[in-house]
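Below is one structure; the comments refer to it alone.
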Amino acid sequence: MRSDFVQSSAVEMNAGAQALASAPSAWRAGGLASIYRECVRRSGDRVAMRYRRAGQWAGISWKELGESVEVTARALVALGIPEQGAVAILSQNRPQWTIADLACLTARIVTVPIYPTNTSNYARYLLDDAEARLVFVDTQAQYDKIAPL
Numbered sequence: 093m094r095s096d097f098v099q100s101s102a103v104e105m106n107a108g109a110q111a112l113a114s115a116p117s118a119w120r121a122g123g124l125a126s127i128y129r130e131c132v133r134r135s136g137d138r139v140a141m142r143y144r145r146a147g148q149w150a151g152i153s154w155k156e157l158g159e160s161v162e163v164t165a166r167a168l169v170a171l172g173i174p175e176q177g178a179v180a181i182l183s184q185n186r187p188q189w190t191i192a193d194l195a196c197l198t199a200r201i202v203t204v205p206i207y208p209t210n211t212s213n214y215a216r217y218l219l220d221d222a223e224a225r226l227v228f229v230d231t232q233a234q235y236d237k238i239a240p241l
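The sequence shown lines up with residues 93 to 241 when you count with our numbering.
Below, the structure is given as structure tokens:
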């Protein structure tokens with residue numbers, strides 16, 4: 093039984109390696125940021141993500157996502173966040189979380205995710221440990237949780 097698992101896993105790993113070898117060279121060389129940019133370039137007006145707004149489903153196109161990410165990434169750089177600097181995101185799952193995360197990725201900034209259910213003390217520990225220079229929050233309550241910091 094175990095040898096069947098090992099054999100099938102080896103076949104799957106080989107198939108994955110072959111798929112990676114046939115992927116565009118930019119994907120192999122540039123990492124996730126290159127993959128993301130290629131998706132924006134290729135997908136344009138197609139829906140990148142959907143979310144609920146006022147009880148209705150709404151969508152964001154790849155083009156809109158790309159523009160929002162680019163503006164946010166440029167703002168992070170303009171604020172003086174250096175490459176490999178840390179930026180935290182304290183937010184529920186929402187489109188802005190993804191935009192902030194992709195902006196960090198694009199600007200070569202480290203994302204420090206903080207669960208909105210974390211206590212103020214634990215959020216403080218994460219922010220201090222990562223030396224986060226900025227925090228994205230989604231609500232006043234989350235801001236209040238870290239404001240004393």
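Using N, Cα and C, we set each Cβ at its ideal position, and we do this for glycine too.
Note that the coordinates shown come from a computational prediction; the quantities given were computed from them, not determined experimentally.
query, result
"Quick one, which of Arg134, Gln234, Ser153, Glu162 has its alpha-carbon nearest Cys196's?", "Glu162"
"Exposed or buried, what is Thr164 when buried is set at 16 or more other beta-carbons lying within 10 Å of its beta-carbon?", "buried"
"Look at the Cβ atom of Trp149, then the Cβ atom of Arg142, and state whether they are nearer than 7 Å.", "yes"
"Please list the terminal residues of the continuous alpha helix (DSSP H) segment that includes Ile201.", "First-last for Ile201: undefined, no H or E at that position."
"From the DSSP output, in three-state form, read off Leu171 for me.", "coil"
"For Ile238 and Asn185, what's the separation of their Cα atoms in angstroms?", "19 Å"
"Should Glu159 and Arg200 be called a contact, given that it needs their Cβ atoms to be closer than 7 Å?", "no"
"Could you pull the DSSP bridge partners for Leu182 from this structure?", "Ile206, Val229"
"With which residues is Ala165 paired in a DSSP beta bridge?", "Note: Ala165 sits in no beta bridge, so no partner."
"Given a threshold of 16 other Cβ atoms within 10 Å of its Cβ, counted over all protein chains shown, does Gln232 qualify as buried or as exposed?", "exposed"
"How many Å lie between Leu219 and Pro240 at the Cα?", "12 Å"
"In chain order, what residues of the same chain have a beta carbon less than 6 Å from the beta carbon of Gly151, not counting five sequence neighbours either side?", "Val139, Arg142"
"Could you tell me the alpha carbon to alpha carbon distance between Cys131 and Ile206, rounded to whole angstroms?", "27 Å"
"Within a Cβ cutoff of 7 Å, which residues of the same chain sit near Leu124, ignoring the five residues on either side of it in sequence?", "Leu197"
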